[in-house]
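So for the sequence shown, our numbering puts the first residue at 266; every next one is plus one. The structure under discussion appears below in the form of structure tokens.
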Amino acid sequence: MKNIIKQLICIVAISSAMVSCHDDLDQLPTDPDIFSELDVFANATEAQSALAKLYASLALTGQDGPAGNPDISEIDEGFSQYSRMLFNLNELTTDHAVVGWGDPGLPDLHGQYWSASNDFTGAMYLRLAQEVSFCNSFIQNASNLSDDVVQTYIAEARFLRAFAYYNLADFYGNVPVLTEISTTLPTQNTREEVFNFIEEELLAIQDLLPESNEYGRVDKVAAWALLSKLYLNAEVWTGVPRYNDCVTFSNNVINSSYTINMNDANGNGTAYDELFLADNDTNGAQNEFIFTLNFDGLQSQTYGGTTFLVHAAIGGSMDPTAYGVNGGWGGLRVTKNLVNKFETGEIDIDNLNGSLGGTLSDWGLVGDATENSWDGPDMEMFETATNQYALYANLTSGELKFRFNEDWGNNYGDTDTDGTLEPGGANIPIAADGTYLITMDLDGLTYSITEIVPSGDMRGMFYTDGQELEIESIPPFSNGYATTKFKNIDSSGSQGNDSSGEFVDTDIPVIRLAEIYLNYAEAVIRRDGAADQQSVNLINELRERAYGNSSGNISIGDLDEDFILDERSRELYWEGQRRTDLIRYDYFTTSDYLWPWKGNQPNGVSTSSFRNVFPIPSNTILTNPNLQQNEGY
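Structure representation (structure tokens):
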């Protein structure tokens, strides 16, 4: 099922040995031969097993499943997993999320008052430094093999190293750029120099990477996509806008074989939620995923990843089994700023029935699927024409029949479930709760039952029962809506592979095509001062998936920078993008945009602009005199 994960068994001893030799970017492995044992790089097959560790180190944290034999010591394994840290630093610090847990350093993130000794900002630095170290070791030792396949593996390792540096530049700004194993304490590079290194690497490997690759591994489109992201942030990171380059490489991705997932496998009216289900590696979503972190509840267990995103978002009156897990951790919720960005349609039964015309009749619906069950009174239908009846009704899972004047001597059912009516026929099944339009034609003895899907943006997946929109205080789980975006159930409603419900199968899309659509549209507007028609078409493709129809489509006059920022929020929330986006718009620390508990105040306040980058960890500064701390820390 997830090929990269399956290869991990081959490299346990290697990765454990490597970790003992380094902590972070100021401390590299001291033994240049540590990763060159003959049984590791004897041939392409063994090299592929080592390559798997480079991918897996972004998803997992050690050698013994969720905890027990960590790659990095003295850090809680679950807390320090890469995508969990990505959420904490890029979502929890913004209008997208709050957490009620009081672990030291965690409340500091949403309140934007972290220090250089914060455990979570430090954990991400170490995790990314580990990835750089692993990649450098692999590249150096794999270079001794002349096999063409291994050269592709080296290109993949260079991509993963560039991706780690993309994150380091985003979070910390000025960091050492290291490309080989050395015993010398490194010097610090500027953010611009880090940017230039990432750009040069991606341009160099784009034609060395395969046209396509197995799921979970990167190809040349991934290099283009990361360049799209890099160029979009160039003005912030280097002071030089590169929006034309962003447009160019976004177009390369858009014109590739990747496609927006429109496969509504579970039949709920939108294909968007398929992206975040337990079978998102096979249900059609994989065609949109350019770079993923792969998870399997049996083979790749971690308390980070989607195990964290699913469990931590469940609390209050939520039923964990509905999301494929065995319990909730009662932590994560969203702010009203995110909720209010969605146009949520509500079905107004009275207005719908008023639109039918006609008058109430003596024909009605009876059964345990109706509001009054089998005892009645019946839900009376409207006679819209002679012998034609209709009603919009909220029904529950169960059965019903058509009955005249609440008289069992005159009722209709459907014995063959073929849409035709028979006097006294069998009960008609209703499969699921919902709002339905029910019609009956007494002339032709036929009927129809059609579910009415609410209009509006169905990307906004929020749980509101027992939850308050306003966050008067962060710790109570009831303050703030919960989100049900990530689930451990597949498109057919079945639980993931781990029958205990502890660990989650759902993969995390680190880069997907929809993001590149949004990159293109933003870059065009920033470059030209106005949108183009292709931008409108791309945004409408995403919105048609979100709404299930064209009712949410926009015109070129609607599309400006702020609309795109809100659309990025609607499309990409909880996917590790938000802080970077807000910084690009100069909204992250300023008073131009506030949200609950920004600056640790209920209604939000501005914070100091130096918080647009995180501090380099204090212990790293102490051990390497070549490094200077970021301003403000």
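Idealized CB from N, CA, C, for every residue including glycine.
Rounded to whole angstroms, what is the Cα-Cα separation between N509 and V518?
The alpha-carbon atoms of N509 and V518 are separated by roughly 15 Å.
Apart from the five residues on each side of it in sequence, which residues of its chain come closer than 8 Å, Cβ to Cβ, to E553?
Y523, T524, I525, N526, L540, P774, R777, L778, A779
Which ranges would you report for the alpha helix (DSSP H) in the segment 327 to 378 if only whole runs of at least 4 residues count?
Runs found: 342 to 345, 347 to 355, 372 to 376.
Comparing C-alpha positions only, which one of N784, H375, P475, A332 sits nearest to Y418?
The option with the nearest alpha carbon to Y418 is P475.
Out of curiosity, what's the CA-to-CA distance linking L686 and G534?
Between L686 and G534, the C-alpha separation is close to 28 Å.
Rounded to whole angstroms, how far is the Cβ of L574 from the Cβ of W839, which I believe are closer than 8 Å?
7 Å
Going by CA-CA distance only, name the one from N498, N814, N528, V501 that's closest to V718.
N814
Just how far apart, CA to CA, sit A332 and T326?
8 Å
Based on DSSP bridge pairs, tell me the residues matched to N744.
Note: N744 sits in a beta bridge opposite E733.
Looking at the unbroken beta strand (DSSP E) that takes in D413, where does it start and where does it end?
Per DSSP, D413 belongs to no beta strand (DSSP E); it is in the alpha helix (DSSP H), 413 to 437.
For Q405 and E445, I'd like the C-alpha separation in whole angstroms.
7 Å
Simplified DSSP assignment, three categories, for Q760
Collapsing the DSSP output to three states places Q760 in a strand.
Just the C-alpha distance for G402 and A429, rounded to the nearest angstrom, thanks.
According to the sequence provided, residue 402 is Ser. The question's Gly does not apply to it. S402 and A429: Cα-Cα distance of roughly 15 Å.
Among the residues of its own chain, which have a CB less than 6 Å from the CB of A587, if the five just before and after it don't count?
Correct list: empty, nothing qualifies.
Spatial distance of P890 from V440 (CA atoms):
13 Å
Own chain, CB closer than 8 Å to N895, minus 5 neighbours either side, in chain order
Y437, G438, N439, F875, V878, F879, P880, I881
Proximal residues to L892 (C-beta, below 7 Å), its chain only, five neighbours per side dropped:
D291, Q453, I881, T885, I886
Please name the residue in E832, Y782, L617, E457 whose C-alpha comes closest to that of L433.
E457
Select from A427, L443, W594 the residue whose C-alpha is nearest the C-alpha of E466.
A427
To the nearest angstrom, how far is the alpha carbon of Q653 from that of T704?
8 Å
Where D298 falls: helix, strand or coil (DSSP):
With a pLDDT of only 41 at D298, under the threshold of 50, the placement of this residue in the model should not be trusted, and no figure is reported.
When you compare the CB positions of L824 and S800, do they come within less than 8 Å of one another, or not?
yes
Nearest neighbour of S713, chosen from N637, Y701, C511, L393 [CA to CA]:
Y701
The segment 826 to 834 touching the segment 591 to 598, judged by at least three CB pairs closer than 8 Å:
no
In angstroms, rounded to a whole number, what distance separates the CA positions of D288 and G817?
A caution first: D288 carries a pLDDT of 39, below 50, which makes its placement in the model too unreliable to give a value.
Are S345 and A381 close, meaning C-beta to C-beta below 8 Å?
no
For the pair the segment 498 to 514 and the segment 782 to 797, tell me if three or more CB-CB distances fall below 8 Å.
yes
State the CB to CB distance for the pair S565 and A324, rounded to an integer number of angstroms; the pair is presumed to be in contact (CB under 8 Å).
Between S565 and A324 a beta carbon distance of about 6 Å is seen, short of the 8 Å cut, so the two are scored as contacting.
Using a Cβ-Cβ cutoff of less than 6 Å, which residues in the same chain neighbour L316 once the five nearest sequence positions on both sides are dropped?
Y418
Enumerate in chain order the residues of its own chain whose CB-to-CB distance from Y898 is below 6 Å, with the five nearest sequence positions on each side excluded.
A381, P880
Considering only residues of the segment 474 to 552, which uninterrupted alpha helix (DSSP H) runs meet the minimum length of 4 residues and lie entirely inside it, listed in chain order?
485 to 497, 499 to 503, 508 to 519
Suppose you measure from the CA of N784 to the CA of G699; what does that come to, to the nearest Å?
In this structure, the alpha-carbon of N784 lies about 37 Å from that of G699.
Expressed to the nearest angstrom, what Euclidean distance is found between the alpha-carbon atoms of G709 and I579?
49 Å
Count the other CB atoms, across all protein chains shown, that sit within 10 Å of the CB of T729; report buried if there are 16 or more and exposed otherwise.
exposed
Through-space distance from S759 to S662, alpha-carbon basis:
18 Å
Counting Cβ pairs closer than 8 Å, one from the segment 556 to 564 and one from the segment 473 to 488, do we hit at least three?
yes
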